[in-house]
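Written below as structure tokens is the structure these notes are about.
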Amino acid sequence: MELEELKQNWNIMEERLGRLEMEQRQQQNNKVVSKVKQVQDRVLRRFTIVVICLPLLCWLLVHNRAYDFSVLTWILLFLFVAVILARQFAWMVLLRRIDCLKMTVREVCLAEGRFRMSFKVGIAVSVLCAVPLLASMIWDMSRMGDRYLLIGAWTGLAVGLIIGLRLFFKAWSGVKELREAIADLQ
Numbered sequence: 468m469e470l471e472e473l474k475q476n477w478n479i480m481e482e483r484l485g486r487l488e489m490e491q492r493q494q495q496n497n498k499v500v501s502k503v504k505q506v507q508d509r510v511l512r513r514f515t516i517v518v519i520c521l522p523l524l525c526w527l528l529v530h531n532r533a534y535d536f537s538v539l540t541w542i543l544l545f546l547f548v549a550v551i552l553a554r555q556f557a558w559m560v561l562l563r564r565i566d567c568l569k570m571t572v573r574e575v576c577l578a579e580g581r582f583r584m585s586f587k588v589g590i591a592v593s594v595l596c597a598v599p600l601l602a603s604m605i606w607d608m609s610r611m612g613d614r615y616l617l618i619g620a621w622t623g624l625a626v627g628l629i630i631g632l633r634l635f636f637k638a639w640s641g642v643k644e645l646r647e648a649i650a651d652l653q
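All residue numbers for the sequence shown refer to this note's numbering, where the first residue is 468 and numbers rise by one.
Below you can see the structure in the form of structure tokens.
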């Protein structure tokens, strides 16, 4: 009789343990899905800002005849905008491929690794495109003869650098949180 009770208790404990493991796995999957959604929302927000603000900026620059930028500056601006749009689009596509409900843990880790590498490369390429653009714009502004315009450009560059670094570190922390959530799946 005691042996039967022990077997029955053992089976009940195994069932409970199995359910707890399933619940824990489900919570981890939900955490990963939540982190992916947060990063997707952040990327989509920035993509929307780029799509709305850059055409407006270009329209203002073209229609304001006081600023006569060189052809090189316009080409570099077009290249920079193209790089930013391609980068944001690539990030959205790579984030959509991370699906822990349909993929194995290894596949999720590989997909996250591709996204993280794309993030690093995208930021590096964007910075490499922004430096010559900013140098060309400041060079053109220095030839316009307005001292206050040049002071405004340098001030804008300093403020933009601070804001850009803040946005980068915030985005990077989101990428690290996603990686940690996926590491918990293993």
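A virtual CB, placed ideally from N, CA and C, is assigned to each residue, including glycine.
With DSSP collapsed to three states, give me the class of C567. Mapped onto the sequence shown, residue 567 falls at position 100. Here C567 sits in coil by DSSP.
Selected residue, minimal CA-CA separation from A648, among K504, S603, E469: The sequence position of residue 648 within the sequence shown is 181, counting from 1. Among K504, S603, E469, the Cα nearest to that of A648 belongs to K504.
Contact defined as beta carbons within less than 8 Å: I believe S585 pairs with V550. What is the distance between those atoms, to the nearest angstrom? Here residue 585 is taken as the residue at index 118 of the sequence shown, counted from 1. Here residue 550 is taken as the residue at index 83 of the sequence shown, counted from 1. About 13 Å separates the two Cβ atoms, so there is no contact after all.
Give me the Cβ distance between V517 and L562, rounded to the nearest whole Å; I'm assuming they're in contact under 8 Å. Here residue 517 refers to the residue found at position 50 when the sequence shown is read from its first residue. Here residue 562 refers to the residue found at position 95 when the sequence shown is read from its first residue. Their Cβ separation, rounded to whole angstroms, is 16 Å, which puts V517 and L562 out of contact at 8 Å.
Can you name, in chain order, every residue of its own chain whose Cβ lies under 6 Å from the Cβ of K502, other than the five neighbours on each side? For the purposes of this step, residue 502 is taken as residue 35 along the sequence shown, with counting starting at 1. Same-chain partners within the cutoff: E644, L645, A648.
DSSP-derived helix/strand/coil call for S640: On the sequence shown, residue 640 is found 173 positions in, with the first residue counted as 1. S640: helix per DSSP, three-state reduction.
Could you say if the stretch 567-576 and the stretch 535-547 meet the contact criterion of at least three C-beta pairs nearer than 8 Å? no
Can you tell me whether G623 is helix, strand or coil according to DSSP? Indexing the sequence shown from 1 puts residue 623 at position 156. Helix.
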